[in-house]
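Participant: First residue of the sequence shown: 2, per this note's numbering; consecutive thereafter.
A virtual CB, placed ideally from N, CA and C, is assigned to each residue, including glycine.
Values in this document were obtained by computation on a predicted structure and should not be read as measured data.
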Amino acid sequence: MNFKSHHRAEELLLSETAGEITRAESEWLHQHLDNCPACKDRSRQWQPVLQSLKAFQVQVSPELIRSTKQAVHNRAQELQDSRPGDLLFWSAAASSWIWILWSASWLWSILDRLGNSLRLPAWTWQMAFGFWWLLPAVAVAVVLSLHREQQRSAAESGIPFQSFQEEG
Ligand SMILES: [Zn+2]
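1. Please report the Cβ distance between Ile99 and Leu15, rounded to the nearest whole angstrom; I am assuming they are in contact, meaning their Cβ atoms lie under 8 Å.
2. May I ask which residues mark the beginning and end of the alpha helix (DSSP H) holding Asn3?
3. So what's Cys40 in DSSP terms, helix, strand or just coil?
4. According to the Cβ coordinates, are Glu11 and Cys37 closer than 9 Å?
5. Counting only the same chain and skipping the five closest in sequence on each side, list residues whose C-beta sits under 8 Å from that of Gln32.
6. Is it the case that the Cβ atoms of Arg9 and Trp29 are separated by a distance below 9 Å?
7. Is Ser16 near ligand 1, going by C-beta to nearest heavy atom under 8 Å?
8. Closer than 8 Å to a non-hydrogen atom of ligand 1 - does that hold for the CB of His7?
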């Protein structure tokens, strides 16, 4: 397993939530999750968020998702060729870009409607919108610190941790 397959697993988790996954992709994803504790953990951490997104019955433009994923993929490829140390960071950043693009299309109108029906002042739901977009930044920070911790403990126990930093 390498960075590419972990990255693909992340993309497919998002695709699966959006209902944009083929049977072969789904099989690959679940096989990867069964064999990759890191991605399994990540998918478990993402579950509450992914589930709540599903609950909204999100209708996202498939074209938007596709082009975002392509951009992310190209960027990851570039970095893999040049500065492997930054890959994790970019992967995390890419996930948050996907998140922002993905939620922008429907979240505002949901909050707007919710705010109106509850007769909340506009600033309360606008603030909620802002916090929602802060989530990926927080998640990225958590993921990065967990990853460092994992690498440290793996190094201490002498088990070679699969890291793209070591490949470079
Ligand atoms: Zn993985």
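Facilitator: In short, the structure shows the following:
1. Contact between Ile99 and Leu15 holds, with the beta-carbon distance rounding to 6 Å and staying under 8 Å.
2. For Asn3, no alpha helix (DSSP H) run applies, since DSSP gives it neither H nor E.
3. The three-state reading of DSSP puts Cys40 in helix, counting H, G and I together.
4. Contact flag unset, no.
5. Excluding positions up to five away in sequence, the list is empty.
6. Yes, Cβ-Cβ distance for Arg9 and Trp29 is below 9 Å.
7. Not under cutoff, so the answer is no.
8. True, at least one ligand heavy atom lies under 8 Å from that Cβ.
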